[in-house]
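Q: Could you have a look at this structure, given as structure tokens, before my questions?
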Amino acid sequence: MQEMSTPLPSWLERGMADLFPYSKGDDLNQNLMFRLEESIKQNKPLRIKLGIDPTGSDIHLGHSILFRKLRAFQDAGHIAVLIIGDFTARIGDPTGKSSTRIQLSKDEVEENAITYLEQLGIGKPSKESLLDFETPGRLEIKRNSEWLSNLDLTQVIDLLGNATVNQMLAKEDFGNRYQSGTPISIHEFLYPLLQGYDSVAVKADIELGGTDQKFNVAIGRDIQRYFNQSPQFGLLLPILTGLDGIQKMSKSLGNAVGLREDPLSMYSKLEKVPDEAVISYLTLLTDVDMNALPENPRERQKTMALMVTSSFYGLEAAKSAQSDSEKLILGKRDNLEDIPEISISSVNFPAKAFYLINALGLSLSSSEARRQIKGGGVRIDGKKITDPNEEFVDSQQLIGRVIQLGKKTFRKISI
């Protein structure tokens, strides 16, 4: 990517993977810096579109990258247009999928949408939320059923006329499925066009997306031109690598950190991120000065874990989580703070270890609890439990102690 004659502000450029179009000329439709400067001169904030399809109930750190950038635009005085894809979610974005998605019901989508907004901070002060829901004029929340559910067949046919089958098959996911003989449902071809029509409906100046969304964002530009609107800029951000340091972050792959995880679980996961991924986590998930990082790789890991956790829970809670994590590693349990408690009142004693794990609701079944213990994934006060049949005589042996499952689940046992 060439440098612009007038560089983009650092808050915008940080972590940016792609920007299109990208020009040094003075055309407002080609040069984003010119568009930004013109919006300031005219006191007309830009409209920044981010669409989310609530196909699940949890947001993880990988998703938060886009919301952080949207918040940066809000803080710079622009309008965040958050589109809840309650209509498109019932189709399902085919990007990154090797088969047709299962279609969700309207009620399932709406229930997920509510949990998304809660995780983004609706109802909280702006300093404590991922997006600014508080400052007047900085956020519009739209559901795309507002306009998509009212399209008649004539309008749908017009939309379909904006793309060819060749274009759709040029999209890698569709192309791979076509070549392998995997079925592609016709309604899936509609998805990029409907996402593009969202840009028309909200008059987007810029659309944010992951690098896997370039095709869909570019389609939006085409459709805006068809409706005689100035085409949006596409600003793409990287896909965050998961905790394994190999595959993209995904709950289904078990390498994700959810926004609803408690501070200790979040910190404990993050401080184990592979060295090669730490810099990208710092770049994409924090505002830390990259020139002021510790040289020691272990200290960089801890700094990253502390700063990411503090961005969701505040610095004090993050420091408590860091302290508790260190104590757990050393097998200490005195003065542990902010660890969620779990009641032992429903457990019948004497209790074997596998039964205890299951009775506390920390596993789906006794057999799963046995596998977790045999796999070395269970600790009590930092000491590994290796025998599923290890017996605890009474509750007094366990009250006040910390039970740990894997790298992410910590619970303080209470009465």
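Each residue of the sequence shown is one higher than the one before, counting from -5 in this note's numbering.
Cβ atoms here follow ideal geometry from the backbone N, Cα and C, with glycine treated the same way.
1. Considering Cα atoms alone, identify which of Trp5, Phe28, Ser259, Gly9 is closest to tyrosine 16.
2. Quick one: give me the first and last residue of the beta strand (DSSP E) that isoleucine 46 is part of.
3. Taking the alpha carbon of alanine 164 as the reference point, which residue from Gly204, Lys208, Val194, Ile135 has its own alpha carbon closest?
4. Counting along the chain, where does the beta strand (DSSP E) carrying lysine 403 start and finish?
5. Do three or more CB pairs link the segment 294 to 301 to the segment 256 to 273 at distances below 8 Å?
6. Closest to glycine 50 by C-alpha separation, out of Phe183, Tyr307, Arg84, would be which residue?
7. If glycine 370 sits next to lysine 377, beta carbons under 8 Å apart, how far is it from one beta carbon to the other, in whole angstroms?
8. Distance check for serine 389 and valine 211, CA to CA, integer angstroms please.
9. In angstroms, rounded to a whole number, what distance separates the CA positions of asparagine 352 and phenylalanine 81?
10. If you check the beta carbons only, do lysine 242 and glycine 236 fall under 8 Å apart?
11. Examine the Cβ distances between the segment 98 to 107 and the segment 59 to 67 and report whether three or more of them are shorter than 8 Å.
12. Name the two residues that bound the continuous alpha helix (DSSP H) containing alanine 74.
13. Does DSSP put valine 387 in a helix, a strand or coil?
14. Thinking C-alpha only, which one of Gly45, Leu125, Lys63 is nearest lysine 136?
15. Would you tell me roughly how many angstroms separate the C-alpha atoms of serine 317 and asparagine 144, rounded to the nearest one?
16. For arginine 84, which of helix, strand or coil comes out of DSSP?
17. Near tyrosine 307, what residues of its chain come up, given a Cβ to Cβ distance below 7 Å and the 5 sequence neighbours on each side ignored?
18. Just verifying my parser: in three-state terms, what is the DSSP assignment at serine 92?
19. My assumption, with CB atoms under 8 Å, is that leucine 264 sits in contact with alanine 299. Please give the rounded CB distance.
20. Which class does threonine 109 belong to by DSSP, given the choice of helix, strand or coil?
21. Report, in whole angstroms, the separation of the C-beta atoms of leucine 279 and serine 58, which I expect to be a contact under 8 Å.
22. Check whether the segment 142 to 160 touches the segment 183 to 201, taking contact to mean three or more Cβ pairs, one atom from each stretch, closer than 8 Å.
23. Please state whether the Cβ-Cβ distance between asparagine 106 and proline 39 is less than 8 Å.
24. Look up alanine 345 in the DSSP assignment and say whether it is helix, strand or coil.
25. Below 8 Å between beta carbons: does that hold for glycine 362 and lysine 406?
26. Taking just the CA atoms, how far does isoleucine 374 sit from threonine 403?
27. Secondary structure at lysine 377, three-state DSSP: helix, strand or coil?
28. Which residue's Cα is closest to the Cα of leucine 230: Asn222, Gly203, Glu255?
29. Would you tell me roughly how many angstroms separate the C-alpha atoms of alanine 198 and isoleucine 73, rounded to the nearest one?
30. Between glutamate 128 and serine 139, which are expected to be in contact by the criterion C-beta below 8 Å, what is the C-beta distance as a whole number of angstroms?
31. Can you tell me where the alpha helix (DSSP H) with aspartate 167 in it begins and where it stops?
32. Indicate the three-state DSSP secondary structure (helix, strand or coil) for threonine 235 in the structure shown.
33. Could I get the ranges of all uninterrupted alpha helix (DSSP H) runs contained in the segment 258 to 340, with 4 residues as the minimum, in chain order?
34. Could you check if lysine 43 is buried or exposed, using at least 16 other CB atoms within 10 Å of its CB as the buried criterion?
A: If we stick to the structure as given:
1. Looking at the Cα atoms, Phe28 is the closest of the given residues.
2. Residues 41 to 46.
3. Nearest of Gly204, Lys208, Val194, Ile135 to alanine 164, Cα basis: Lys208.
4. Going by the sequence as given, residue 403 is threonine instead of lysine. That run of the beta strand (DSSP E) goes 403 to 408.
5. Judged by Cβ distances under 8 Å, the segment 294 to 301 makes contact with the segment 256 to 273, as three or more pairs qualify.
6. Nearest to glycine 50 by alpha-carbon distance, out of Phe183, Tyr307, Arg84, is Arg84.
7. The C-beta separation of glycine 370 from lysine 377 comes to about 12 Å, leaving the pair out of contact by the 8 Å criterion.
8. Approximately 57 Å, taken between the alpha carbons.
9. Going by the C-alpha atoms only, they are around 39 Å apart.
10. Yes; because the gap between Cβ atoms is below 8 Å, this pair is in contact.
11. Counting Cβ pairs under 8 Å, fewer than three are found: no touch.
12. In the DSSP annotation of this structure, alanine 74 is not part of any alpha helix (DSSP H); the continuous beta strand (DSSP E) holding it starts and ends at 73 to 78.
13. DSSP places valine 387 outside both helix and strand once states are collapsed to three, so it counts as coil.
14. Selected option, being the one with the closest Cα: Gly45.
15. If I take the Cα positions, the gap works out to 55 Å.
16. DSSP places arginine 84 in helix when its eight states are reduced to three.
17. Cβ within range, chain order: Pro257.
18. Bear in mind that the predicted position of serine 92 carries a pLDDT of just 47, short of 50, making it unreliable; the figure below should be weighed with that in mind. The three-state reading of DSSP puts serine 92 in coil, since its state is none of H, G, I, E or B.
19. Cβ-Cβ separation between leucine 264 and alanine 299: approximately 4 Å, consistent with a contact (criterion under 8 Å).
20. Helix.
21. 7 Å between Cβ atoms; contact.
22. Touching, per the Cβ criterion.
23. Their beta carbons are not under 8 Å apart, which means asparagine 106 does not touch proline 39 by this criterion.
24. The answer is strand: DSSP assigns alanine 345 an E or B state.
25. In the sequence as presented, glycine is not what sits at residue 362; that position holds glutamate. It is not a contact, given that the beta carbons lie outside the stated cut-off.
26. The alpha-carbon separation between threonine 403 and isoleucine 374 amounts to approximately 12 Å.
27. Lysine 377 carries a strand assignment under DSSP once its states are collapsed to helix, strand and coil.
28. The candidate whose alpha carbon is nearest that of leucine 230 is Gly203.
29. Spanning the two alpha carbons is a distance of roughly 10 Å.
30. About 26 Å; that fails the 8 Å criterion.
31. Element bounds for aspartate 167: 166 to 174.
32. Of the three classes helix, strand and coil, the one that applies to threonine 235 here is strand, per DSSP.
33. Qualifying alpha helix (DSSP H) stretches, in chain order: 269 to 279, 291 to 307, 309 to 323.
34. Note on lysine 43: 16 or more other CB atoms within 10 angstroms of its CB, so buried under the neighbour-count rule.
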